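Shown next, in structure tokens, is the structure this report addresses.
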Amino acid sequence: MDRLPLAYSTALRLRDAGLSDDAIARRVGVEPEAVGPMLRVAEAKLASVGYDDADGGTR
Numbered sequence: 003m004d005r006l007p008l009a010y011s012t013a014l015r016l017r018d019a020g021l022s023d024d025a026i027a028r029r030v031g032v033e034p035e036a037v038g039p040m041l042r043v044a045e046a047k048l049a050s051v052g053y054d055d056a057d058g059g060t061r
């Protein structure tokens, strides 16, 4: 996750902690409508470098 911009990695961690999109938006400084796309981009970036959350890191 250290390959992601801070806002993206923070958003992923907050989502994994169970925070709502509104709460995530407030914490990372974006509009609530931007959280979903931000999370999808972050997940795509992680997938492109082989990061697999299920095994705790890179393959």
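Each number in the working numbering comes from the position in the sequence shown (counting from 1) with 2 added on.
All C-beta atoms in this analysis are idealised placements derived from N, C-alpha and C, irrespective of residue type, glycine included.
Just so it is clear, the structure is predicted and the values come from calculations on it, not from any experiment.
Inter-residue spacing [alpha-carbon to alpha-carbon] between residue i and residue j
i	j	result
V32	V51	25 angstroms
M40	A19	16 angstroms
Y53	L8	16 angstroms
Cut-off 8 angstroms between Cβ atoms - residues of its own chain near residue i, not counting five sequence neighbours on either side
i	result
L16	A25, I26, R29 and V30
R42	none
L6	L14, A44, K47 and L48
G38	D23
D4	S11
L21	R29
Spatial neighbours of residue i in its chain, beta-carbon cut-off 6 angstroms, leaving aside the 5 residues before and after
i	result
P34	D23, D24 and A27
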